[in-house]
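Start counting the sequence shown at 0; every next residue gets the next number (numbering that gives the first Met the number 0).
Cβ atoms here follow ideal geometry from the backbone N, Cα and C, with glycine treated the same way.
Predicted model only: the values in this text are computed from it and were never measured.
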Amino acid sequence: MGAAGAATTTASTLVTTPARAATQQGLLDQDHLDISAMNHAIIGKTAPFIYATPGRGRPTLILVGGGSPYRLRDLVRQFPDAFASTGTGGVVLEIPMVVAPGAALEVSSATVPALYLRSDATGYAFIAAVHASISFDGTAAKPLVVSSLDPSTETADQDESDGRAYVVAEASRMTLDHVQVAQLGYLTGVSSGTAWIPYSSVPSAGSAVSSTFTGNYNGAYASGSPNLTFTDDRFVQSTNYGLCLHGSRDSRVTGSQAAGNGIHGIVVNDASSGVQVTSTSSDDNGGMGFFVTGSRLPDGRQANPSNDVTLDHVTAEGNLSAAVLLHGGKGQKVEHAIARDNEAGILVNGGSTGAVVRADRVIDSQAEAIEVSAGSGGASIEDNQIRGASTAIVSNLATPTAIVGNHVVGIHGSGIKVFGNLSKVTLRDNTVAGTGANPIYLNGVGTGSTEGIDAHQWITPGINWWIRPLEIALWSLVLVPPLLFWFWGRRRRAAVRAAREAQA
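Structure representation (structure tokens):
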């Protein structure tokens, strides 16, 4: 089994039907049963063993706690039926593996350069740690590969519809250092690819450093797990999100990148708090670059907003939707960001309170550059540089809002628009340059102040300016041919007179 192309991936497409969802959920439910059966199976056991859930028939390798950390190379020798060799030094896990409470599994590229998890239409392997720990360790010179593997093609499993291999830490500690993770997962949550989730309300912990997550369902997913750190990682070509921090507290994302993911790049949602994302980019995703939100109730309403999330020195370019969307919550901050060539720039809505959008550069947005709307209040839009957009800044029924010290150029539409209670919107020391109907447009009740607004470089075209080029073209068709004919006739008559005078 060569497995030479196991880590070669392409972006997946998110297609969900009721039948597919039911099949996938059934697979995941069975995985839960197998993991739960472990609690009974390990009673009285002191050494690792292979166990088959009654009536299930699928064996599972269970690593019992209480001893030294398990090393993958030793497990391969001890359980030859549970593993296969790729012939290039890699190892294929053929059956699921559960790291039981108190146990620790160590996988290092120093002894095993690649760990593949069997995954095809007949079934898949997974690794689940429960009240345990897993460490995946590579180096810059020799990164560790962790990938699904379809043995029939000797490449990574591309089909999520029939389930796919995954790695999950449940109430466990999982760390990755210089790891190349590829083509894992098929549903959000436990089976999303590489996941940190709670078990019996106990959270997971851990980190990822200098690792790449390619082609997973979610590149990396964490739920209810505080103080996670992601440093210098890449989340690319995921079916769903690049990185999802779900109900996460005080976690850090630094120096990382999310790119080419099917929906959003980096998501912070469902009552997360104190999350900081710094010096991180999110580009060319199918939705938002950065999305900070709550959770969606069955009736479509939002609940459990995320609070005190900071995006600092982030960049977002070429995303199909907004560069940044802050939906609900309190105390969100977007500072020193660069948003370039997105559908929209930085959006604040969903009843957000006290959002700060400061010292950002928003360039060439197709729609609004910065907008605060949908009942959001207390927003501060300060010292931003905006170039190119249909409208630079919009405050739409969002009060109070402070729009102060912004520098706007290259607008083709309106500079700053304010709707609602104008007396609760502060407009001060903004510079607005561009072309369109209004540099400043105020529409609402009360009196709005435009103190210190510099709009002397704004160009307001005359009436029907947009049809002038058409008028010129039409008049040219009407007037130019007769003039040309007149000049041609005049020259011809002069030539005739000259000929007659010569004959005389």
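| query | result |
| --- | --- |
| In the DSSP output, what is residue 207 paired with across the bridge? | 175 and 229 |
| Taking its Cβ as the centre, do 16 or more other Cβ atoms sit within 10 Å of residue 445, making it buried, or is it exposed? | exposed |
| Kindly confirm or deny that the segment 333-348 and the segment 293-306 touch, where touching means at least three C-beta pairs closer than 8 Å. | no |
| Please classify residue 340: does DSSP put it in a helix, a strand, or coil? | coil |
| Grab me the residues of residue 360's own chain with a C-beta within less than 6 Å of its C-beta, minus the 5 sequence neighbours each way, in chain order. | 337 and 384 |
| Which word fits residue 68, buried or exposed, when buried means at least 16 other C-beta atoms lie within 10 angstroms of its C-beta? | exposed |
| In whole angstroms, what is the alpha-carbon distance linking residue 241 and residue 258? | 7 Å |
| My output table needs one value for residue 287: the three-state DSSP class, helix, strand or coil. | coil |
| Starting from the C-beta of residue 180, find all residues in its chain whose C-beta is less than 6 Å away, skip the five residues before and the five after it, and write them out in chain order. | 145, 193 and 212 |
| Whose C-beta lies closer than 6 Å to the C-beta of residue 285 among residues of the same chain, with five residues either side of it excluded? | 261, 262 and 319 |
| Of all the options 287, 278 and 183, which has the alpha carbon lying nearest to the alpha carbon of residue 230? | 278 |
| Pick out the complete beta strand (DSSP E) segments inside the segment 221-283, 3 residues or longer, and give them in chain order. | 228-230, 233-235, 242-245, 251-253, 256-258, 265-268, 275-277 and 280-282 |
| Could you have a look at residue 26 and say whether DSSP puts it in helix, strand or coil? | helix |
| Can you tell me which of 118, 150, 394 and 156 puts its alpha carbon nearest to the alpha carbon of residue 86? | 150 |
| Quick check: the Cα distance between residue 292 and residue 455, rounded to an integer number of angstroms? | 39 Å |
| So, helix, strand or coil for residue 140, using DSSP? | coil |
| Going by DSSP, which residues form a beta bridge with residue 117? | 148 |
| How long is the line joining the alpha carbons of residue 107 and residue 227, rounded to whole angstroms? | 21 Å |
| With residue 76 as the anchor, note down where its beta strand (DSSP E) starts and where it stops. | No beta strand (DSSP E) holds residue 76; the alpha helix (DSSP H) holding it covers 71-77. |
| Tell me the residue span of the beta strand (DSSP E) that contains residue 444. | 430-444 |
| From the DSSP output, read off the bridge partner residues of residue 58. | 51 |
| Closest to residue 348 by C-alpha separation, out of 341, 395, 313 and 182, would be which residue? | 395 |
| Quick one: is residue 236 buried, meaning 16 or more other Cβ sit within 10 Å of its Cβ, or exposed? | buried |
| On a Cα-Cα basis, can you pick out the residue from 206, 187 and 157 that is closest to residue 133? | 206 |
| So, using beta-carbon positions, are residue 34 and residue 58 closer together than 7 Å? | no |
| When DSSP labels each residue in this structure, what does residue 186 get in the three-state scheme? | coil |
| For a test of the three-state rule: what should DSSP assign to residue 396, helix, strand or coil? | coil |
| Would DSSP call residue 346 helix, strand or coil? | strand |
| For residue 290, I'd like the list of residues in its chain whose CB is within less than 6 Å of its CB, leaving aside the five on either flank, ordered along the chain. | 263, 266 and 324 |
| From the DSSP output, read off the bridge partner residues of residue 332. | 309 and 355 |
| So the candidates are 195, 120 and 153; which of them puts its Cα closest to the Cα of residue 130? | 195 |
| So what's residue 422 in DSSP terms, helix, strand or just coil? | helix |
| Which residue marks the beginning of the beta strand (DSSP E) containing residue 375, and which one marks its end? | No beta strand (DSSP E) contains residue 375, which DSSP labels as neither H nor E. |
| If I measure Cβ to Cβ from residue 317 and keep anything under 6 Å in the same chain, skipping five residues before and after, which residues do I get? | 282, 283 and 340 |
| Under a three-way DSSP split, which group does residue 132 fall into? | strand |
| Tell me which residues share the same chain as residue 389 and place their Cβ nearer than 6 Å to its Cβ, disregarding the 5 neighbours each side in the sequence. | 366 and 412 |
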